[in-house]
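In what follows, a structure is listed as structure tokens, so that the remarks can point back to it.
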Amino acid sequence: MSEEDHKLRQRIRYRHVEKIYMDLKELGYHDNDPLEVTDLMTLDQWHYFGTEPVDAVIKLLDIREGARVLDVGAGIGGPSRYLAHKTKCHVTAAELLPDNHRVGQDLTSRCCMTGSVKHVCGDIIKTELGNQEFDHVMSIQAIYYVEDKSRLFRQLYDSLKPGGTICFEEFCRLKDVESNEEKAALDFFLLCVNTLPTQQDYRRLLEEAGFQVTVHDISAAYAEYTYGRWSNWDEQRDKYVRLYGEDMVDGWLNFIVTAKKLCNDFGLVGGGRFVARKL
Ligand SMILES: C[S@@+](CC[C@H](N)C(=O)[O-])C[C@H]1O[C@@H](n2cnc3c(N)ncnc32)[C@H](O)[C@@H]1O
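What follows is the structure, encoded as structure tokens:
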């Protein structure tokens, strides 16, 4: 798949980037109003369990005031801002899609956080990360989109200071694909990459890059989350249609049903939290 194709497909999935402005309006904010990061926190985390994964990263890596942290696949910057707010560290929020990057910059500036969160736009594989630039790397539900993970981990290794650490949370394949139905669901879910690594694959790729690795299996939590989101959907549907329109809501529903099937009915997809140290 060409790079342009890859970006285009991702744009399809993240085409609702302006949703955050609708949500802020609901909270009573007007265009360009200054924002409280504590209000944003409930709206700008593009992954499961709100800010909990970022708290896990802070704890697992012991991120402290003044540390330099790279956030890979930062979305609209939610985890980066929360991390900087919570620990007073300095975050570089790296994001592929210009629309997400632009919204991220706007929100960071309206939170008066430009001194602690810097946004950079581009494919992480091609982004100049520097040598021994960071104390830590964080990434939440973004690395699965990167085709050449082996190269990514080598680059992240180089960008870390000696003894530096990385923590990322990712979808993982739990078994081989066994039917056409499973394959179709996985293809729809992955969108722009060909394969989903297992937890063992991730461990091997990290070790080959030189890291010492610990893996935490969070598949049961992913199954519970995706099931809960699917089963509550009917209650929420009318409210969402009123707020965001039928088209947006139908797109989400497709995704929500597929994630529930993959993580529950098929038992094909789970989650992993990977902690690795540069030796
Ligand atoms: C599920 S979102 C998660 C965003 C953010 N980590 C969060 O949890 O709020 C995945 C993000 O990774 C970004 N991404 C995917 N491939 C990327 C790449 N090669 N380089 C940089 N960002 C990438 C996507 O554009 C998307 O914004």
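Using the UniProt record's numbering, the letters of the sequence shown map in sequence onto residues 1 to 279. Just so you know, even glycine gets a beta-carbon here, dropped at the ideal spot from N, CA and C.
Residues near residue i by beta carbon distance below 8 Å, same chain, minus five either side
i	result
E18	V103
S159	L70, L129, G130, N131, Q132, E133, F134, V137
L205	K149, S150, F153, P197
G66	K88, C89, H90
M113	V37, R81, A84, H85
I125	V146, D148, R151, L152, Q155
Whole-Å CB distance - residue i paired with residue j, under 8 Å assumed
i	j	result
G164	H136	6 Å
Q199	D217	7 Å
R68	H90	5 Å
A142	G73	2 Å
I20	L43	6 Å
residue 282	V193	This structure leaves residue 282 out entirely; the chain is present only between 1 and 279.
A94	T127	6 Å
residue 281	V275	Here the chain comprises residues numbered 1 to 279, so residue 281 is not present and cannot be evaluated.
L40	G78	7 Å
Opening and closing residue of the alpha helix (DSSP H) in which residue i lies
i	result
H101	98-110
G251	246-260
T226	219-231
A184	180-190
K206	One detail in the question is off: residue 206 reads as Leu in this sequence, not Lys. Here the alpha helix (DSSP H) through L206 covers 199-208.
Span of the beta strand (DSSP E) around residue i
i	result
I166	160-173
A276	269-278
Beta-carbon proximity list for residue i, same chain, < 6 Å, skipping 5 on both sides
i	result
Y48	Y225
S116	A84, H90
E208	none
R173	L196, T198
G75	W46, N100
E182	F266, L268
R110	P34, L35
7 Å CB neighbourhood of residue i in its chain, flanking five on each side removed
i	result
P98	C121
L60	C167, V275
(Q) Going residue by residue through the region 117-142, where are the continuous beta strand (DSSP E) segments of at least 3 residues, counting only ones entirely within it? (A) 117-121, 134-140
(Q) In chain order, what are the residue ranges of uninterrupted beta strand (DSSP E) at least 3 long that sit wholly in the region 26-108? (A) 68-72, 90-95
Q) Counting Cβ pairs, one atom from each stretch, are 3 or more of them under 8 Å apart for the region 152-159 and the region 79-96? A) no
Q | Stretch pair the region 173-181 + the region 140-154: three plus CB contacts closer than 8 Å | A | no
Q: Report yes or no: do three or more beta-carbon pairs, one from the region 53-62 and one from the region 28-39, lie closer than 8 Å?
A: no
Q) Does the region 253-262 come close enough to the region 213-229 to have 3 or more Cβ pairs within less than 8 Å? A) yes
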